[in-house]
Amino acid sequence: MGVWEVAAISFGGVFVLMMGGMPIALAMLLVGLSGIWINISERTAMGMIGQLPINATMSYELSVLPMFILMGVFVTRARMSEDLYRLCHGFVGHMRGGLAAATILACGGFSALSGSSLATAATMAKVAVPEMRRYGYKDGFAASAVAAGGTLGILIPPSVILVLYGIATGTDIGSLFIAGVLPGVLAIILYLAAIRIAAQIDPTCAPAAPRVGWADRIRYLRSVGPILLLFIGIIGGLYKGVFTPTEAGGVGATGALAFALWRRALSWRGLIDSLIETVMTTASLFMVLIGALVFSNFMNLIGLPAALSDLILSLGLGPTAVILAILLIYLFLGMFMESLSMILLTIPIFFPIVTQLGFDPVWFGIFAVMVTELSLITPPVGLNLFVIKSVIDDLSVGDMYRGVMPFVLADVVRILIIIAFPWVVMVLPMMAR
Amino acid sequence: MSSAINLFDKLCLVLAWLSGLIAFFVMAVTFTGVVMRYGLRSPLMGGFEMIEIGMGLIVFTAVPLMVRRRGNICVTVLIDKLPPSVVRAMGLLSDIVGAGLLGFIAWRIWLQGARLLSYGEVTMELRVPKGLIAQGMSVLLVVAALAFLICAIEAFRPDRPKTTETAGGL
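Dropping the structure here:
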């Protein structure tokens, strides 16, 4: 069998097993390991699997994952989401569409402390959706604002997906984090513009709330001030090279713990639960990472990246055409798959091609995350929409699909902007280098 | 049978507590390292290695409870649309494949550990034998393989636990 046949059967196999409900990690491990055994040699398979899990887990760099997860868990337990929302509500809630805008801003703030999109969406949904409903927002629009805001979780640093992308491709995690800042700000601006336009077209979907006085605004600012300073300290420290991403994670988690204790939001039991929650998530992520590494080793060993490069050369496709093709593939995959498996399965194949075409690894990482974000809110799957539906029961899926369209358009515009103007992604990491 | 499963679950929980403790330790070591470097102008001796070894242990001590709580990340889009018998059969297949794969990996890591021990390889600063760390991981993977096996056995019981849909999701 040739490269293409083996690759097609392997991807098909992983896909069928995953869709059938087999854990992603096991599907990739099973197909990857048996593929190497059959197509390369028994010796290679046996040798690799004895070493890879040790090397993959005993990694100084990867300790950034549990540290940032822990930071997110502490911050969630400290009930930061409510204060952040109140703060944003206080400043912009009185404008038309203001509560949706407050939701986006609060999600942006929460993303700066949490690396997970689903966690951001689920946490903010509980706080923001009831409030927007109270002021007469249309359900679909209110839920979509949270779903879209939630996607910021994997773009604004820290981001679990950017860490895994960095490890899988050997790209500097600090640079990836710094590169996520400007596109994250751009995302917030475009979402706010989308809300403004949607509220202009249909004023009943997002009415204004009463104005909040300056005394309350300052009170809210005080309550979240320390944690915002922590974020600025972490990103500033990374930018200035004061510490490595791993150290930033350790400092961030310690700061978040101190914050939760200061607010008396963390009991002894709560601390133990936070630690258990963190290690459970870490273990599930590492299982997927090990599976993905085995599978991508298999793809490399059969020579798929080289074969794809040859194909692209023979078709005479330019760099932009290739990127647009990758965008379409991601949008298609996003209809069935969740973000982590999508990135880890495709990166080993796309990465060598795009870097050969001259794209910067940092830029491609941000691009891949953005496209994944788009897939998180694009019907029919749109995982974030379903997370919000699972938190707020009586939402209609149809309403949500209609409500999310302005945000989907904002995402498409943002992706086109970073394709046309790559410096939006690259300017900060280049200044930090 | 039930009491043996309960006992096993308690073991998994204790291991997860240990994992949480190590995570706390890694956090403290990282923080102390930064404070010592900037505050006392001297790096924390062996900090890098403590974090590396800690990471390996965090993952493998947490996997058994993660398996028992069905925390593996899954794609659940189609599950609701498939017939319950297919979902059940696939669940059983997944558990058996999981047990087999983790058992196999544990065996290979054990042998790798034995090889490292025979070379006398130790970590640079703390002089911890690398082979012992690998064999510790191997033992924990055996526990994780057993956890999958117990999940498979439970699949035949009417009151089996359900899959956590969003565990570890991003």
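Note that the protein sequences, when read in sequence, are chains A and B.
Residues 1134 to 1566, numbered by my numbering, are exactly what the first sequence covers, in order.
Residues 1105 to 1274, numbered by my numbering, are exactly what the second sequence covers, in order.
Quick reminder that beta carbons are idealized off the backbone N, C-alpha and C, glycines included.
The structure displayed is predicted, hence computed values, not measured ones.
DSSP places V1226/B in the strand class (E or B) of the three-state scheme.
Around the CB of Y1270/A, 16 or more other CB atoms lie within 10 Å, so the residue is classed as buried. Each residue's CA atom was taken as its position, placing I1480/A and G1145/A some 17 Å apart. At a Cβ-Cβ threshold of 8 Å, P1512/A and S1308/A do not count as neighbours.
Under DSSP, P1233/B shares a beta bridge with V1226/B. Annotation: M1149/B is outside any alpha helix (DSSP H) and is labelled neither H nor E by DSSP.
The beta carbon of I1187/A falls within 8 Å of a beta carbon belonging to chain B, placing the residue at that interface. In the three-state scheme derived from DSSP, where H, G and I count as helix and E and B as strand, K1373/A is classed as coil. For P1156/A, a Cβ of chain B is located within less than 8 Å of the residue's own Cβ. When the alpha-carbon of A1251/B is set against those of G1204/B, V1179/B, M1154/B, the nearest one is in G1204/B. Assignment of Y1353/A by DSSP, reduced to helix, strand and coil, places it in the helix class.
Pairing A1132/B with A1393/A, the inter-Cα distance amounts to about 16 Å. The distance from the Cβ of M1181/A to that of I1169/A is about 7 Å, consistent with a contact at the 8 Å cut-off. Between G1241/A and L1285/A, the CB-CB gap stays under 8 Å. A straight-line Cα-Cα distance of about 19 Å links A1386/A and A1166/B. Residues G1205, T1253, G1286 of the same chain have their beta carbon placed closer than 6 Å to that of S1247/A, with the five preceding and five following residues left out of the count.
Using a CB distance cut-off of 8 Å, E1229/B does not count as an interface residue toward chain A. Any Cβ of chain B closer than 8 Å to the Cβ of V1412/A would place that residue at the interface, and such an atom is present.
Listed in chain order, the non-local C-beta contacts of V1164/A below 6 Å within the same chain comprise S1143, G1146, V1147, local neighbours out to five positions each way being set aside.
In this structure the stretch 1207-1222 of chain A does not touch the stretch 1318-1331 of chain A; the number of beta carbon pairs closer than 8 Å is below three. Its chain contains I1423 as the residues whose beta carbon lies nearer than 6 Å to that of P1186/A, once the 5 sequence neighbours on both sides are disregarded; these appear in chain order. Comparing alpha carbon positions, the residue from F1554/A, I1550/A, P1555/A, F1540/A closest to A1280/A is F1540/A. Taken in chain order, the members of the stretch 1417-1435 of chain A whose beta-carbon sits within less than 7 Å of a beta-carbon on chain B are S1417, L1418, F1419, M1420, V1421. Looking at the backbone, the Cα of E1380/A and that of D1184/B are separated by about 42 Å. Secondary structure note for L1323/A: its alpha helix (DSSP H) is the uninterrupted segment 1306-1334.
Annotation: Cβ neighbours of A1166/B in chain A (cutoff 7 Å, chain order): V1412, M1413, T1415, A1416. Residue contact with chain A for G1124/B: present (Cβ-Cβ distance below 8 Å to some residue of chain A). Between the C-alpha atoms of S1214/A and T1302/A there is a straight-line separation of about 33 Å.
Straight-line measurement puts the Cα of V1130/B at about 29 Å from the Cα of S1429/A. Residue-level contact by beta carbon holds for V1384/A and chain B, with a gap shorter than 8 Å. For the 8 Å CB-CB criterion, I1311/A and A1501/A do not form a contact. Looking only at A1389/A, G1374/A, F1419/A, the smallest Cα-Cα distance to I1294/A is reached by F1419/A. Near chain A, meaning a CB-to-CB distance below 8 Å, the residues of the stretch 1152-1177 of chain B are F1152, I1155, E1156, I1157, G1158, M1159, G1160, I1162, V1163, F1164, T1165, A1166, V1167, L1169, M1170, R1173, G1175, N1176, I1177.
Taking a beta-carbon distance threshold of 8 Å, S1198/B counts as an interface residue toward chain A. Around I1409/A, the beta-carbon contacts reaching into chain B at under 9 Å are L1117, A1120, W1121, S1123, G1124, A1166, L1169. Counting only the Cα atoms, F1376/A lies some 23 Å from T1411/A.
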